[in-house]
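Protein chains: 2
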Amino acid sequence: MKKLINDPQDVVAEALLGIEAARPEVRVDHANRIVYRRDTPKTGKVGLVSGGGSGHEPLHGGFVGLGMLDAACAGQIFTSPTPDQMLEATKGVDSGAGVLHIVKNYTGDVMNFDMAAELAAAETGITVEAVVVNDDVAVEDSLYTAGRRGVGVTVLLEKLVGAAAEEGRSLPDLVTLARTINDSGRSMGMALTSCTVPAAAKPTFELGEDEMELGIGIHGEPGRRRVALVGAREIAEQLMEPVLDDLDFTSSPVIVMLNGMGGTPLVELYLMYGEVAKITDQAGITVARNLVGNYITSLEMAGCSVTLLRADQELINLWDAPVNTAGLRWGI
Amino acid sequence: MKKLINDPQDVVAEALLGIEAARPEVRVDHANRIVYRRDTPKTGKVGLVSGGGSGHEPLHGGFVGLGMLDAACAGQIFTSPTPDQMLEATKGVDSGAGVLHIVKNYTGDVMNFDMAAELAAAETGITVEAVVVNDDVAVEDSLYTAGRRGVGVTVLLEKLVGAAAEEGRSLPDLVTLARTINDSGRSMGMALTSCTVPAAAKPTFELGEDEMELGIGIHGEPGRRRVALVGAREIAEQLMEPVLDDLDFTSSPVIVMLNGMGGTPLVELYLMYGEVAKITDQAGITVARNLVGNYITSLEMAGCSVTLLRADQELINLWDAPVNTAGLRWGI
């Protein structure tokens, strides 16, 4: 295992020190491992809280800041944060306008955010709602989920709902918006190589030199099938086909994200985006906006995922609104 | 070799297709492999041209756009572009105010940009100046250079001089500014793993499971020494010590870039930045701005580099000016 770390047990705590040193727009509660937007809570604004296992950076701590999240709870690598962390973050961001939990569909995350919401209601009277993201078309159930896994749409949802929260929209409005976004997006991923969880010190799985894993999860959990490694064109087809089969993306403009899994260089992501763009062109899909880069990763895994989201003019406007985070920044 | 590519010979051409599909602010001359800012040439503005071997993305094509470059010439992977490409780009960006070539100090790049400048003078009368970036403290001469290699300062220089060009400053002013920036910055890098050039299909070098290469070049060329792999804290010290020994960074604020080599996940880069920040704190260095991410890469190499640049208030203001490129974006 070759990593830029000190003790494997300290990776998350020390990465939070680095985020805090690097980013003036956040402050970190190190005891609770929560990244807060520096100016939260903001009077009249619904607080947005997300979180999950670490190892997917910039998700979620790198998406805290103006126009995205108010707080992100960092679990250990690939391990859900605790209900106590989520409760603390919920209290920390509430200004009286309520709090929305943005939860990726993994059993631990869903259970712990549920528990945090119950504790918040019982202890504090804060109104908490949740949206569970489940956009991964690869598998119906998986190692860590009942139902589809939450992947790339989480990034887009945090941006779009973040912009809407910034406008001062109410909690019920944001819940409706968030559920619409989740229903309007689909993702599929693949891996060329495994990742290595620092505490495990060995690869999560093994892939032969001529193999790839299609439909991989962001924790290295198995996908649809292990298949022969093919070229970028065919990989793009194998990712896009199940996405396009699952939802109609021709009836409105879309936002496309071509996401790297952490260890894939940008030259390959650009090339892959070119292949995806050919497929959307041929399918008569109008791409209104796109993102190409590392946004929801799986440590140093090599591979990529593609996410499509139907986006009407309201969503495009929210997309274009200012954002100032480690992972996404424009208009500021 | 496991990569998201089609034919190894087509990697650069196909990555350019992807950049063009993804980024509305650029257009691509595919025959000459030049990424242009869509609105170049802009009357009265000095044209900024850079370029070099591919495989370092987002450098340079991902830095074309408002507030940075007007054009970037893409060579094959780790291979200098030709004088013809550079001449064509020079013609393409000149509005009569002259053209500045931003050249990393590698023998092929320097020779070819020189030749392009001579051809431009002879054929077109365009006034061309050049700045050669040579900020790498690792080695005095190397496999591909006489003198120090050009690495991380190139990214910062393209941003800062790009902002100054946007203000309408003259070519002589920009040359002075660019040389000051080059003189004010230093970098040092390291690798945990090699990269694999697609056409070679095997790793450029071999590193044992317990080794790292200190002072690595961005083409995998040898560094200062091959040493035992140590923890992030000690790696940060081994990178920062030669940088701080080479130039005084305590007498003015600095911009710090903690750059990933392409295959290093963001969680490790955040952690490394935390270690670098401890060292700058202890050394009494004021960090005014920072960048943490993949900016000048070496395909899928795992590792990082650190760059420090002395930045007075003029440079900080240029840093904060709007930029709109694939690799750096703010204020837009």
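Chains A and B supply the protein sequences, listed in that same order. So in the working numbering, spot 124 of the first sequence is number 124, and the numbers just go up one at a time. So in the working numbering, spot 137 of the second sequence is number 1137, and the numbers just go up one at a time. Just so it is clear, CB atoms sit at the ideal spot from N, CA and C, and this is done for glycine as well. For clarity, every value in this text was computed on a predicted model and none was experimentally measured.
- With its beta carbon at least 8 Å from every one in chain A, Glu-1158 of chain B lies outside the interface.
- His-60 of chain A places its beta carbon less than 8 Å from that of Gly-51 of chain A.
- A distance below 7 Å between beta-carbons, with the five flanking residues on each side excluded, links Gly-152 of chain A to the following residues of its chain, in chain order: Asp-135, Ser-187, Met-257, Asn-259, Ile-296, Ser-305, Thr-307.
- According to the DSSP assignment, Arg-226 of chain A belongs to no alpha helix (DSSP H) but to the beta strand (DSSP E) extending over 225-228.
- With respect to chain A, the C-beta atom of Ile-1332 of chain B has a partner C-beta closer than 8 Å.
- Under a criterion of Cβ atoms nearer than 8 Å, the residues of chain A adjacent to Gly-1231 of chain B are, in order, Ile-5, Asn-6, Asp-7.
- In the three-state scheme derived from DSSP, where H, G and I count as helix and E and B as strand, Pro-203 of chain A is classed as strand.
- In the three-state reduction of the DSSP assignment, Lys-1002 of chain B falls in the coil class.
- The CB of Met-272 of chain A comes closer than 8 Å to the CB of Leu-1004, Gly-1018 in chain B, given here in chain order.
- DSSP, read as helix, strand or coil, puts Val-46 of chain A in coil.
- Taking Ser-1298 of chain B as reference, the option from B:Gly-1096, B:Ser-1194, B:Tyr-1144, B:Ala-1013 with the minimal CA-CA separation is B:Ser-1194.
- Taking 8 Å as the cut-off, the beta carbon of Ala-302 of chain A is found closer than this to the beta carbon of Lys-1002 of chain B.
- In the structure shown, Ala-1321 of chain B falls within a coil segment according to DSSP collapsed to helix, strand and coil.
- Taking one beta carbon from each stretch, the stretch 84-101 of chain A and the stretch 120-134 of chain A have 3 or more pairs nearer than 8 Å; the two touch.
- Non-local C-beta neighbours of Gly-55 of chain A in its own chain, meaning closer than 7 Å and more than five positions away in sequence, comprise Ile-77, Phe-78, Ser-298, Leu-299, ordered along the chain.
- Note on Ala-1200 of chain B: under 16 other CB atoms within 10 angstroms of its CB, so exposed under the neighbour-count rule.
- The DSSP-derived three-state label of Arg-233 of chain A is helix.
- Look at Val-1197 of chain B: its C-beta is not under 8 Å from any C-beta on chain A.
- One finds Leu-266 in chain A with Cβ atoms closer than 7 Å to the Cβ of Pro-1058 of chain B, taken in chain order.
- Straight-line measurement puts the Cα of Val-1243 of chain B at about 19 Å from the Cα of Thr-1145 of chain B.
- Shown in chain order are the members of the stretch 1289-1302 of chain B whose Cβ falls below 7 Å from a Cβ of chain A: Asn-1290, Val-1292, Asn-1294, Thr-1297, Leu-1299, Glu-1300, Ala-1302.
- Residue contact check for Ile-1102 of chain B against chain A: no CB pair falls below 8 Å.
- For Thr-1176 of chain B, the uninterrupted alpha helix (DSSP H) segment begins and ends at 1171-1183.
- Around Val-1012 of chain B, the same chain offers Arg-1033, Ser-1054, Ala-1074, Gln-1076, Ile-1077 as residues with beta carbons nearer than 7 Å, after the five sequence neighbours per side are excluded.
- Apart from sequence neighbours up to five positions away, the residues of its chain that approach His-1101 of chain B with a beta-carbon distance below 8 Å are Val-1049, Ser-1050, Met-1086, Thr-1090, Phe-1113, Ala-1116, Ala-1117, Val-1128, Glu-1129, Ala-1130, Val-1131, ordered along the chain.
- Interface flag for Arg-1329 of chain B against chain A is set, since a Cβ pair is found closer than 8 Å.
- Here the alpha carbon of Ala-1164 of chain B sits roughly 14 Å from the alpha carbon of Lys-1042 of chain B.
- The stretch 228-242 of chain A and the stretch 271-285 of chain A touch, with three or more beta-carbon pairs separated by less than 8 Å.
- Judged by DSSP in its simplified three-state form, Asp-312 of chain A adopts coil rather than helix or strand.
- The residues Ala-288, in chain order, have a CB closer than 6 Å to that of Ile-316 of chain A in the same chain once the five nearest residues on each side in sequence are set aside.
- When B:Val-1175, B:Val-1323, B:Glu-1057, B:Ser-1170 are compared, the shortest CA-CA separation from Val-267 of chain A is found for B:Glu-1057.
- Residue contact check for Leu-1239 of chain B against chain A: no CB pair falls below 8 Å.
- Excluding five sequence positions before and after Ala-283 of chain A, the CB atoms of its chain that fall closer than 7 Å to its own CB belong to Leu-244, Thr-250, given in chain order.
- Glu-167 of chain A and Thr-1176 of chain B have their alpha carbons spaced roughly 45 Å apart.
- No Cβ-Cβ contact shorter than 8 Å links Gly-1185 of chain B with Leu-1004 of chain B.
- Distances from the CA of Asp-39 of chain A to each of A:Pro-203, A:Ile-285, A:Leu-69 were compared; the closest alpha carbon is that of A:Leu-69.
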